[in-house]
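>
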Ligand code: URA
């Protein structure tokens with residue numbers, strides 16, 4: 021394959037790929053390559069140090085900070101896609117589900133529409149785990165209420181697991197696992213049992229855990245084993 025075509029697999033147009041080559045941003049086997057027409061094995065090409073994905077799907081986890089919206093573009097706020105490095109941002113990648121602007125933690129972005137669809141659907145049982153800090157002392161009463169399916173004003177939540185980690189007079193800390201993701205669902209569930217949320221962080225989507233090494237605002241591509249585990253969970257393997 022021609023070098024400019026191989027470099028364009030990073031999500032560049034052919035002319036952008038040629039400019040990247042002229043600027044010395046493209047390497048073949050670690051050496052800067054300047055001949056856009058040279059024949060190369062695309063697996064040996066790196067653009068800005070990254071391997072252009074040969075029509076492969078892209079899977080990226082983001083540690084979303086507060087203040088960033090879970091969208092591909094927004095006029096007012098920074099989006100989770102804005103947090104990706106330039107070559108990844110150019111692929112048609114989108115978030116799997118949403119977190120509210122004030123909610124932090126794991127957001128998965130992918131070009132793989134089928135996996136995204138199954139991870140959102142309750143049918144495939146990819147539980148989402150949230151760490152919640154709330155007002156007041158949580159008790160076994162709330163654990164039972166969450167497990168039995170809370171009745172909210174416009175829907176009845178599916179049974180959810182609540183694990184109390186700290187129960188103090190003023191504040192409590194708990195992990196809650198949901199199999200669905202309705203608008204403001206966790207906030208509404210805690211409010212419904214009289215414990216408004218103070219902070220909420222998503223820690224897990226199915227088999228995928230937020231990498232503790234990722235600081236808020238950072239992202240990384242998923243490892244092969246992480247992608248394989250998600251596909252297994254959604255019966256796409
Ligand atoms: N529940 C909420 O209330 N907000 C989120 O962002 C995710 C789950």
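Numbering (this note's numbering), first residue to last: 21 to 257. In this text, a Cβ means the ideal position worked out from N, Cα and C, and glycines have one as well. Nothing here was measured: the structure is a model prediction, and the numbers come from that model.
1. Would you check whether the ligand URA has a heavy atom nearer than 7 Å to the C-beta of residue 220?
2. How long is the line joining the alpha carbons of residue 106 and residue 85, rounded to whole angstroms?
3. Run the proximity test for residue 201: is its beta-carbon closer than 7 Å to any non-hydrogen atom belonging to the ligand URA?
4. The ligand URA and residue 79: does the residue's C-beta get closer than 7 Å to at least one heavy atom of that ligand?
5. In this structure, how does DSSP classify residue 115 when only helix, strand and coil are distinguished?
6. So residue 116 and residue 224 are supposed to be a Cβ contact under 8 Å. How far apart are they, rounded?
7. So what's residue 161 in DSSP terms, helix, strand or just coil?
8. Could you compute how far the alpha carbon of residue 183 sits from the alpha carbon of residue 95?
9. According to DSSP, is residue 229 part of a helix, a strand, or is it coil?
10. Beta carbon of residue 250: closer than 7 Å to some heavy atom of the ligand URA?
11. Is residue 192 helix, strand or coil by DSSP?
From the atom records:
1. For the purposes of this step, residue 220 is taken as residue 200 along the chain shown, with counting starting at 1. The answer is yes for residue 220.
2. Here residue 106 refers to the residue found at position 86 when the chain shown is read from its first residue. Here residue 85 refers to the residue found at position 65 when the chain shown is read from its first residue. Rounded to the nearest angstrom, the two C-alpha atoms are 19 Å apart.
3. As a working mapping, residue 201 is identified with position 181 in the chain shown. Yes, since a heavy atom of the ligand URA falls inside the 7 Å radius drawn around the Cβ of residue 201.
4. Locating residue 79 in the chain shown gives position 59, where the first residue counts as 1. Answer for residue 79: no, Cβ out of range of the ligand URA.
5. Translated into positions along the chain shown, residue 115 becomes position 95. The answer is strand: DSSP assigns residue 115 an E or B state.
6. Residue 116 sits at position 96 when you count from the first residue of the chain shown. Residue 224 sits at position 204 when you count from the first residue of the chain shown. Residue 116 to residue 224, Cβ: 13 Å. No contact.
7. In the chain shown, the residue the question calls residue 161 occupies position 141. Reduced to three states, the DSSP call for residue 161 is helix.
8. In the chain shown, the residue the question calls residue 183 occupies position 163. In the chain shown, the residue the question calls residue 95 occupies position 75. Taking the straight line from one Cα to the other gives about 38 Å.
9. For the purposes of this step, residue 229 is taken as the residue at position 209 of the chain shown. The answer is strand: DSSP assigns residue 229 an E or B state.
10. The count along the chain shown starts at 1 and reaches residue 250 at position 230. Every heavy atom of the ligand URA is 7 Å or more from the Cβ of residue 250, so no.
11. Taking the first residue of the chain shown as position 1, residue 192 is located at position 172. Three-state DSSP puts residue 192 in a strand.
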